[in-house]
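One structure is given here, and the rest of the page talks about it.
2 protein chains.
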Amino acid sequence: MNSMSDFRIPGITIYRLGMYARSLERFLQEGRDLISSEELARACGVNPAQLRKDLSYFGQFGVRGVGYSAQTLLKSIRRILGTDREWPMVLAGVGHLGHALLSYEILTRRGFKFVAAFDVDPAKIGKVVNDIYVYAMEQLPYIVREHRVEIGVIATPCDAAQEVADSFIREGIKGIVNFAPTSIKHPPNVVVEQSDMTILFDKIAYYLLRLD
Amino acid sequence: MNSMSDFRIPGITIYRLGMYARSLERFLQEGRDLISSEELARACGVNPAQLRKDLSYFGQFGVRGVGYSAQTLLKSIRRILGTDREWPMVLAGVGHLGHALLSYEILTRRGFKFVAAFDVDPAKIGKVVNDIYVYAMEQLPYIVREHRVEIGVIATPCDAAQEVADSFIREGIKGIVNFAPTSIKHPPNVVVEQSDMTILFDKIAYYLLRLD
DNA sequence: TGGTGTGAACCGCTTCACAGCT
DNA sequence: AGCTGTGAAGCGGTTCACACCA
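Order-wise, the sequence lines are chains P and F. Just add 56 to the spot in the first sequence (first one is 1) and you have the numbering used here. Just add 56 to the spot in the second sequence (first one is 1) and you have the numbering used here.
Take a look at the structure:
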């Protein structure tokens with residue numbers, strides 16, 4: 057397997073690519089550049105062979121007997137992930153979590169930029185959060201077209217999530233990140249990533265009950 | 057396999073148990089009780105055989121030829137997960153995300169209660185967010201002992217996360233939920249769940265690039 | 001009849017082990 | 001000599017298919 061855009065690559069490999077990128081950024085900040093699969097893998101809590109296999113789906117990025125250049129590898133991973141460019145996004149739901157997302161600087165630094173936010177609450181519409189204007193949902197079509205938005209983020213309460221997702225999809229948004237603790241139905245030509253925080257706590261409770 | 061607390065249960069099964077619980081709550085809200093594995097599985101976006109297999113690790117909860125009682129099944133899952141009781145928690149990092157967590161009502165409803173928050177910023181110490189007092193980190197040992205805290209939540213910037221985790225562990229906290237986008241090193245008798253939002257966006261970018 | 005419970009087949013990710021380069 | 005790249009083996013989770021039972 058060799059070039060980008062290949063078919064049978066595990067989703068979890070893509071996830072780990074993101075971890076590697078985050079870790080490489082940290083190494084570079086510390087002024088390091090040469091790094092072995094051993095070291096990078098340990099920093100990410102994975103097996104070194106895993107890391108090398110993950111990379112091998114996309115090409116060869118290291119030097120045998122030496123290791124990887126953090127700089128070069130990071131650039132390659134960003135190219136693979138598509139985080140070497142900007143992604144305009146919209147947010148639905150300007151509650152506490154929505155606020156946090158609008159202010160999450162690490163997203164902006166990686167090219168993920170909110171161009172507008174939406175809410176149904178008249179008290180919130182017209183406000184500006186971290187330079188981002190809050191619109192009524194009715195304005196969605198206009199904004200999406202105007203800014204060529206490709207990613208929609210859902211931070212609404214549970215019971216509004218599907219409806220918002222449907223609106224996003226109707227306007228041609230093809231990528232959705234859903235923070236509402238409910239699973240979203242969607243056609244196969246739309247990609248959805250779920251993040252249900254509440255379930256993390258359930259898992260912790262389960263394992264705490266069974267420690268030792 | 058039969059009783060609770062068994063050895064070889066996939067972590068992802070525990071995760072799905074949380075999804076099932078969330079979904080069952082919704083069915084009950086709508087006044088439904090009888091539900092088939094087919095229907096519940098579809099609501100969660102999984103295969104019905106998967107759902108039945110997940111449950112079979114813990115016992116038999118349905119009636120052949122009929123289905124499951126949502127009420128009864130939910131109670132059973134809560135018992136398994138340990139979400140049929142209260143879990144006192146502390147939060148480290150009262151930024152935007154920390155605020156969101158302190159105000160996240162769905163956690164409270166499921167028994168996960170913050171008893172205190174911590175920050176290093178003197179401007180934040182002494183404030184009260186959603187009835188929860190913000191302390192200096194130095195107060196951690198006292199609070200943990202006083203409230204028998206078993207879960208610590210990290211919502212600090214990346215570079216403080218490991219240090220906070222170490223403090224948690226030193227005070228005897230055995231369960232950690234980490235929202236900082238970095239992986240936490242920890243001894244095997246401490247359970248850690250990571251939630252790195254930034255990687256969700258990376259995944260979306262990757263798949264958007266390759267749609268069609 | 002109809003839907004659960006589950007052994008067994010299947011599939012896909014992980015890990016190993018070593019060839020291949022520098 | 002040392003570390004990457006990778007075929008192949010290993011392993012664990014998913015799905016099938018049907019026995020079982022209300």
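Where a beta carbon is used, it is the ideal one built from N, C-alpha and C, also for glycine. Computed from a predicted model, the values in this text were never measured in an experiment.
Got a sec, what are the start and stop residues for the beta strand (DSSP E) residue i sits in?
i: valine 233 of chain F; result: 231–234
i: leucine 273 of chain F; result: The requested residue 273 of chain F is not part of the displayed model; chain F covers only 57 to 268.
i: aspartate 175 of chain F; result: 168–175
i: glutamate 249 of chain F; result: 247–250
With a CB to CB cut of under 6 Å and the five nearest residues on each side skipped, what residues in its chain are close to residue i?
i: leucine 111 of chain F; result: Phe117
i: histidine 242 of chain F; result: Val248
i: threonine 139 of chain F; result: Arg166, Gly167
i: isoleucine 188 of chain F; result: Leu158, Phe170, Ala173
Contact check, residue i vs residue j under 8 Å by CB: the rounded distance?
i: valine 190 of chain P; j: alanine 216 of chain P; result: Wrong, their Cβ atoms sit about 15 Å apart, outside the cutoff.
i: tryptophan 143 of chain F; j: phenylalanine 170 of chain F; result: Contact flag wrong, Cβ pair sits at about 10 Å.
i: valine 233 of chain P; j: leucine 256 of chain F; result: 5 Å
i: glutamine 218 of chain P; j: isoleucine 199 of chain P; result: About 21 Å separates the two Cβ atoms, so there is no contact after all.
Rounding to the nearest angstrom, what Cα-Cα distance links residue i and residue j in this structure?
i: glycine 182 of chain F; j: arginine 201 of chain P; result: 46 Å
i: glycine 151 of chain P; j: tyrosine 124 of chain F; result: 36 Å
i: tyrosine 71 of chain P; j: leucine 163 of chain F; result: 26 Å
i: alanine 192 of chain P; j: leucine 147 of chain F; result: 33 Å
i: lysine 230 of chain F; j: alanine 221 of chain F; result: 10 Å
i: tyrosine 262 of chain F; j: valine 205 of chain F; result: 40 Å
i: asparagine 186 of chain F; j: valine 248 of chain P; result: 32 Å
i: arginine 64 of chain P; j: leucine 196 of chain F; result: 48 Å
i: asparagine 245 of chain F; j: isoleucine 207 of chain F; result: 13 Å
i: leucine 158 of chain F; j: threonine 254 of chain P; result: 13 Å
i: serine 11 of chain P; j: glutamate 86 of chain F; result: Here chain P covers residues 57 to 268 and nothing more, so residue 11 of chain P does not appear.
i: leucine 84 of chain P; j: arginine 166 of chain F; result: 41 Å
i: aspartate 252 of chain P; j: glycine 121 of chain P; result: 42 Å
i: serine 59 of chain F; j: arginine 82 of chain F; result: Residue placement at serine 59 of chain F is flagged as unreliable, the pLDDT there being 36, under the threshold of 50; a coordinate-derived value is accordingly withheld.
i: isoleucine 210 of chain P; j: proline 178 of chain P; result: 18 Å
i: leucine 130 of chain F; j: proline 237 of chain P; result: 16 Å
i: aspartate 268 of chain P; j: methionine 145 of chain P; result: 45 Å
i: alanine 99 of chain F; j: valine 119 of chain F; result: 20 Å
i: glycine 154 of chain P; j: arginine 88 of chain P; result: 35 Å
i: proline 66 of chain P; j: glutamine 106 of chain P; result: 12 Å
i: threonine 212 of chain F; j: tyrosine 160 of chain P; result: 12 Å
i: alanine 156 of chain F; j: alanine 97 of chain F; result: 30 Å
i: isoleucine 225 of chain P; j: histidine 203 of chain P; result: 16 Å
i: aspartate 258 of chain P; j: isoleucine 68 of chain F; result: 12 Å
i: arginine 134 of chain F; j: threonine 128 of chain F; result: 10 Å
i: serine 223 of chain F; j: cysteine 214 of chain F; result: 15 Å
i: glutamine 250 of chain P; j: valine 184 of chain F; result: 31 Å
i: isoleucine 260 of chain F; j: phenylalanine 235 of chain P; result: 14 Å
In the DSSP assignment, find the unbroken alpha helix (DSSP H) run with residue i in it and report its ends.
i: glutamate 86 of chain F; result: Where glutamate 86 of chain F is concerned, there is no enclosing alpha helix (DSSP H), given that its DSSP letter is neither H nor E.
i: phenylalanine 257 of chain P; result: 253–265
i: threonine 164 of chain P; result: 161–165
i: proline 104 of chain F; result: 104–112
i: glutamate 95 of chain F; result: 93–100
i: serine 239 of chain F; result: Taken as a continuous stretch (DSSP letters only), serine 239 of chain F belongs to no alpha helix (DSSP H), as it is neither H nor E.
i: threonine 128 of chain P; result: 126–137
i: alanine 156 of chain F; result: 152–158
Cutting at 7 Å between CB atoms, please list the residues of its own chain near residue i, excluding the five before and the five after it.
i: aspartate 175 of chain F; result: Gly149, Val150, Ile181, Val190
i: alanine 126 of chain F; result: Leu80, Phe83, Leu84, Arg88, Asp89, Ile91
i: valine 102 of chain P; result: Arg72
i: glutamate 227 of chain F; result: Leu196, Pro197, Val200
i: lysine 109 of chain P; result: none
Whose C-beta lies closer than 8 Å to the C-beta of residue i among residues of the same chain, with five residues either side of it excluded?
i: leucine 137 of chain F; result: Ile70, Leu73, Gly74, Ala77
i: serine 132 of chain P; result: Phe114, Gly115, Phe117
i: arginine 141 of chain F; result: Gly167
i: glutamate 94 of chain F; result: Pro104
i: glutamate 194 of chain P; result: none
Whole runs of the beta strand (DSSP E) within the stretch 192–217 of chain F, excluding any shorter than 3 residues: 207–210
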